[in-house]
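First comes the structure, then the notes that go with it.
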Amino acid sequence: MTGTIYVLNGPNLNLLGKRQPEIYGKETLADVEAAAVSHAESHGLSVRFLQSNAEHQLIDWIHEAREDAVAVVINPGAYTHTSVAILDALNTFEGPVMEVHISNVHKREEFRRHSYVSLRADGVIAGCGTQGYLLAIERVARLVNPAA
Ligand code: DQA
C-alpha cells in the first residue's frame, strides 16, 4: 500500500440505507465502506473510513489526515452548506481533497447549491449515488500516482 485515503462522512450519513432511500438509496454506510476499501486496494491504497455527526470530530480527523493521509474524500453532509470551520481545516491539508454528494445537490433546495467545502475541493462528485465515493477514490489514485 502506498498511502491512506481518509474517507470522511458527516451528519446523518450513519443512517444511510434507512434515511430517505428515495434520495440516498438503500445501501448502508457499511456497504459503502466495504466497496471503498476494496476499490482503493485495487489501486494499491488503503482507506480509513469514518463518520461523525459532530463538526469538531470531522475537524479533528482532518487534522489527523495532515500527518497520516495522502488524500481526503469527504461527504460533509449538511456541513457542506454551513461550515467555514471544516473549510478552514481542509485548507490546512496539503494533498488532494475530493468532495462527494450522493444526491445531486443542484437538483434540490436552493440552499444545497452553495458549498463552503468546494472552495477547497480539487473535484466535486454529486448525483452519482454511492458510486460517487468510488469515482472520488479513482480520481485520488490518479492524483497521488499519476504514472499508474
Ligand atoms: C449530501 C447532500 C447534503 O445536502 C445533505 O445535507 C446530506 C447528504 C449528499 O450526500 O447528497 O446530508 O451531502
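Per my numbering, residue 35 is the first one in the sequence shown, and the count goes up by one each step. Note that beta-carbon positions come from the ideal geometry of N, C-alpha and C, so glycine has one too. This one's a predicted model, so the numbers in the text were calculated from it and none came from an experiment.
Buried versus exposed call for residue i [16 or more other C-beta atoms within 10 Å across all chains shown]
i: E133; result: buried
i: L153; result: exposed
i: H161; result: Per the sequence shown, residue 161 should be read as Gly rather than His. Exposed, since its Cβ has fewer than 16 Cβ neighbours within 10 Å.
i: P130; result: buried
i: T36; result: exposed
i: A64; result: exposed
i: F145; result: exposed
i: G166; result: buried
i: I93; result: buried
i: A99; result: buried
i: I108; result: buried
i: T126; result: exposed
i: Y97; result: Per the sequence presented here, residue 97 reads as His, with Tyr not at that position. Per the 10 Å Cβ criterion, exposed.
Endpoints, the beta strand (DSSP E) within which residue i is located
i: E133; result: V131 to H135
i: Q50; result: The question names Gln, yet the displayed sequence has Leu at residue 50. Run containing L50: none; DSSP gives neither H nor E here.
i: C160; result: It should be noted that the sequence gives Ala, not Cys, for residue 160. G157 to A160 is the span of the beta strand (DSSP E), which, as asked, contains A160.
i: T38; result: T38 to N43
Contact set for residue i: own chain, Cβ-Cβ below 7 Å, skip 5 residues either direction
i: R173; result: M132 and G157
i: S117; result: E89, P110 and Y150
i: W95; result: Y40, L42 and L84
Local conformation of residue i per DSSP, three classes
i: R82; result: strand
i: N109; result: strand
i: A181; result: coil
i: E128; result: coil
i: R142; result: coil
The alpha helix (DSSP H) enclosing residue i, as first and last residue numbers
i: V178; result: Q165 to V178
i: A119; result: V118 to L124
Cβ neighbours of residue i in the same chain (closer than 6 Å, five flanking residues each side left out)
i: H73; result: L168 and I171
i: A155; result: V131 and E133
i: V81; result: I39, V41, A70, V71 and A74
Residues near residue i by beta carbon distance below 8 Å, same chain, minus five either side
i: Q85; result: L42, N43, G44, L47, N48 and L63
i: V139; result: T114, R146, R147, S149, A160 and G161
Runs of 3 residues minimum, wholly inside the segment 56-104: which ones carry the beta strand (DSSP E) assignment? 80-85
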